[in-house]
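Below: the structure, in structure tokens.
Number of protein chains: 2
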Amino acid sequence: MERHTRQRQALIDALTHSGHALSPPEILARAQAAVPSLNLSTVYRQLKALHDARKIVRVDLPGQPARFEALCHEAQAAKRGHHHHYFHCSDCDRVYPIHACPGRMAHLAPPGFEVQRHDLTLHGRCAGCATGH
Amino acid sequence: MERHTRQRQALIDALTHSGHALSPPEILARAQAAVPSLNLSTVYRQLKALHDARKIVRVDLPGQPARFEALCHEAQAAKRGHHHHYFHCSDCDRVYPIHACPGRMAHLAPPGFEVQRHDLTLHGRCAGCATGH
DNA sequence: GTGGATGCAAACTCTTTGCACCTTG
DNA sequence: CAAGGTGCAAAGAGTTTGCATCCAC
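So the protein lines, in turn, are chains B and E.
If you count by this note's numbering, then the first sequence holds residues 182 to 314, one letter each, in order.
If you count by this note's numbering, then the second sequence holds residues 182 to 314, one letter each, in order.
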């Protein structure tokens, strides 16, 4: 992450301008609008670099390929990925962040288990799909 | 799922006798104790058949390879996979079912979103690992 | 005996890596 | 011009599939 390249910028733009998390192939397709020669390997390498630099978040949902999301400026300034969860639309397959959390879940685990964190994924239909597209 | 074969039985035994969810390679290793010639392809085919027959549950955790769990007899009799969640131990990497649920989560989604179901994964240390192995 | 199940190898998806070439600073 | 980044192709995990052989019924 030392040099500024067109491919990195195209990638960041693609993530920033999308309202939802994108998969590596989706990122490739969108970023290729700006840099047609862009390669999937470069996408993966940049994603890793941006993730290590805490500029993007990896969104892993159960049984699904990884998606990535741009970190908002407030979160980047705070130097921490704000804790949040995701909504997966079973119609359009998009993933939306949810800025709410049901709270600590430690009481759900059996006695003796130390709960450190939790992941929550909601499934259903997003507002767009629910209203008949 | 029409014939009874040694490999299917070995696979079912491996899943039934384990206290936690197993990955396909783990299932292969355990079932090969009974049927040494057992092949990974057969494991995958049997897992698919058993899953379609509602005899096992697929456990997908975010960012992790699939695991499988035997359905308890009550659940099989009820013809439905009882709704539950999982605890993932970051020390021993085992996955334990949790027979508790925080309840409906519909209120966490933005207005207009229809929540149909949710997945919850707890992460931390299991009782065995927390007490110093 | 026959069709479903198995074993093996090849194919497929997703992701990572080696290496020569190109580009940024 | 030197180091880091890129593109391409090959290599890895995890999973699926085609096909000849095998074996449960």
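Ideal placement from N, C-alpha and C gives every residue a C-beta, glycine not left out.
message: Which residue marks the beginning of the beta strand (DSSP E) containing Val224/B, and which one marks its end?
response: Careful: Val224/B lies outside any beta strand (DSSP E), inside the alpha helix (DSSP H) at 221-233.
- prompt: Where do the N-terminal and C-terminal ends of the beta strand (DSSP E) with Asp241/E fall, by residue?
  reply: Looking at the DSSP string, Asp241/E is not in any beta strand (DSSP E), and its letter there is neither H nor E.
field: Exposure label - Arg187/E; buried when at least 16 CB within 10 Å
entry: exposed
task: Output the boundary residues of the alpha helix (DSSP H) element that contains Gln188/E.
output: 187-197
message: For Thr312/B and Ala287/E, I'd like the C-alpha separation in whole angstroms.
response: 17 angstroms
query: Shortest alpha-carbon distance to His280/B belongs to which of Pro291/E, Asn220/E, Pro278/E?
result: Pro291/E
query: Which chain E residues sit within Cβ distance under 7 angstroms of Asp241/B?
result: Pro243, Gly244
- request: Would you mind telling me which residues of chain E sit closer than 8 angstroms to His299/B, beta carbon to beta carbon, in chain order?
  value: Leu301, Thr302, Leu303, His304
Contact between the segment 197-212 of chain E and the segment 303-312 of chain B (3+ Cβ pairs under 8 angstroms): no
task: Quick one: give me the first and last residue of the beta strand (DSSP E) that Gly305/B is part of.
output: 295-306
task: Out of Lys236/E, Cys270/E, His299/E, state which residue places its alpha-carbon closest to the alpha-carbon of His266/B.
output: His299/E
- request: Pull up the distance between the alpha-carbon of Arg275/B and that of His269/B, whole angstroms please.
  value: 6 angstroms
query: When you compare each of Arg211/E, Glu183/E, Met182/E to Asp194/E by their alpha carbons, which one comes out closest?
result: Arg211/E
message: I want to see whether chain E comes within less than 9 angstroms of Met182/B, judged by CB atoms only; does it?
response: no
- prompt: For His304/B versus Val296/E, is the C-beta distance shorter than 9 angstroms?
  reply: yes
task: Could you say which of Leu301/B, Ala214/B, Leu228/B lies nearest to Arg189/B if we only look at CA atoms?
output: Leu228/B
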